[in-house]
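Each step along the sequence shown adds one to the number in numbering that gives the first Met the number 0, with nothing skipped, and position 209 is 208.
Just so you know, even glycine gets a beta-carbon here, dropped at the ideal spot from N, CA and C.
What follows is a set of notes on a single structure, which appears directly below.
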Amino acid sequence: MPMASVNGIQMHYRVEGDGPETVVLINGLADDLEAWVLQMDDVLGAGYRVLRIDNRGVGKTDAPPGPYTSRMLADDAKALVDQLEISGFHLMGTSMGGMISQEYAINYGSDLKSATFSSTYASPGPFCSRMFSMWQDMAGINGVPFIMRDVTLWAFTVPFFEEREDELKEFEAEMASLPMPVDAYLAQLNVIQTHDTTDRLDRIRGYPVLVMAGEEDILIPVSLSKRLQEGIPGADWATSKGGHASMWEHPAEFNRTYLGWLGELA
């Protein structure tokens, strides 16, 4: 279980593959590094080395008192890659991970060969802010697994519920047993509530950038991801099948979209 001392915490990470180029994957709210399990075979098969991490507050990484911010978690990732002597890498973050990745790109862009922001925004706006306020209010009363039941309704599309019941039940069982304490959840929730890079997106430059969205995303509306793409000079845009959880609901298409774009950079 590889651990690193960074910024006063013990951070859990995993490095796999031995390709000449590295992809660093940053996961979302309440998700540990296993969130990328359906991407790993394809990314490794494409010849990349992959670094995955448990963000501060989740998995085997320490969960000190919050609140946390996207900049704080980007600083954690920076300290880790420096310790591992990884530079010139491809950064991919989804949802909250996309917010962390924006802060990384703004503040440490010289490390990057490319950056991809998936299913995310530059700022939450009034719709998402109200949703997250409800999660905050419910978490202390009903616990984190209850909140994740609600997230599931927003993250997957209707056909997933109607046609893939076995997978749905497996996912719901994992959410029901999520070991994340309420305090750690709320500390991470603050990341997505307070994230705002709107006025700094023009600092993301000097390397290729892709903004991705699930074409039916209603949790982080596609319009917010599109607004993010439009705010980054020269950023590319792509959608893939599914909603907010497109990387889990339709992983093959998600992976083809991302790896196809990466392949065009070579």
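Under 8 Å between C-beta atoms of residue i and residue j
i	j	result
I191	F116	no
T156	E252	no
N189	P66	yes
T151	M174	yes
Q101	T196	yes
Rounded separation between residue i and residue j - CA only
i	j	result
R51	A154	22 Å
E164	M91	29 Å
S176	G142	11 Å
A234	G205	11 Å
R48	Y257	15 Å
L261	F88	12 Å
M137	A183	14 Å
N6	E161	45 Å
P64	I8	11 Å
D31	P232	31 Å
R13	H243	25 Å
Assumed close pair residue i, residue j - CB separation to whole angstroms, cut-off 8 Å
i	j	result
A76	Y120	Going by Cβ atoms, the distance from A76 to Y120 rounds to 19 Å, so no, they are not a contact pair.
L72	A3	Going by Cβ atoms, the distance from L72 to A3 rounds to 14 Å, so no, they are not a contact pair.
A237	L200	Incorrect: roughly 18 Å between the Cβ atoms, too far for contact.
A212	S118	6 Å
G27	T93	5 Å
Beta-bridge partners of residue i, as assigned by DSSP
i	result
V14	L50
V208	A114
M2	H11
M91	L24 and T115
W236	V210
Residue i classed as buried or exposed, judged by whether at least 16 other C-beta atoms fall within 10 angstroms
i	result
I219	buried
L185	buried
V268	In the structure as shown, the chain starts at 0 and stops at 265, and residue 268 therefore has no counterpart that could be examined.
E169	exposed
R55	buried
Q38	buried
L227	buried
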